[in-house]
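Asks:
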Amino acid sequence: MDKWKDEELERMKIGGNKRLQEWFDARDVPRSATMQEKYNTKAAALYRDMIATEARGDKWNEATSPAQSWVPPA
Numbered sequence: 001m002d003k004w005k006d007e008e009l010e011r012m013k014i015g016g017n018k019r020l021q022e023w024f025d026a027r028d029v030p031r032s033a034t035m036q037e038k039y040n041t042k043a044a045a046l047y048r049d050m051i052a053t054e055a056r057g058d059k060w061n062e063a064t065s066p067a068q069s070w071v072p073p074a
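Heads up: the sequence shown at position 28 corresponds to 28 in UniProt numbering, and the numbers run straight through without jumps.
1. Report all residues from its chain with a CB closer than 6 Å to the CB of R29; omit the five preceding and five following residues, and keep chain order.
2. Note down, one range per segment and in chain order, each alpha helix (DSSP H) of at least 4 residues found wholly within the stretch 28-61.
3. Would you kindly report the start and end of the unbroken alpha helix (DSSP H) that includes K13?
4. Using the three-state DSSP reduction, which class does W70 fall into: helix, strand or coil?
5. How far does the alpha helix (DSSP H) with A25 in it extend, from its first residue to its last?
6. Under a Cβ-count criterion, where at least 16 other Cβ atoms within 10 Å of its own Cβ denotes burial, should M50 be classed as buried or exposed?
7. Tell me whether the stretch 3-20 and the stretch 48-66 touch, counting them as touching only if at least three CB pairs, one residue from each stretch, are closer than 8 Å.
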């Protein structure tokens, strides 16, 4: 059986499909986009950073997130 680290468990609790879909909807990521297209967006990078930050118990700020400098893969 896999051993989960506390931070990994916290990420699972904080995140989730519903919250992610609401996040994408609020940032106009098309529901018709493929999974790869969705995850290769700035919105996804911000979401990943938010979940990681909150899982560490820190407060997340979208304006100062390092994911603001995200660029799509070439």
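C-beta: ideal position from N, C-alpha, C; glycine also.
Keep in mind the model is a prediction, meaning the values are calculated, not measured.
Replies: Judging by the given coordinates:
1. Looking at the sequence provided, one finds Val at residue 29 rather than Arg. Closer than 6 Å at the Cβ level, and outside the excluded window around V29, lie K38, T41 and A43.
2. 35-39 and 42-55
3. D6 to I14
4. coil
5. Note that residue 25 corresponds to Asp in the displayed sequence, not to Ala. From DSSP, the alpha helix (DSSP H) with D25 extends over N17 to A26.
6. buried
7. yes
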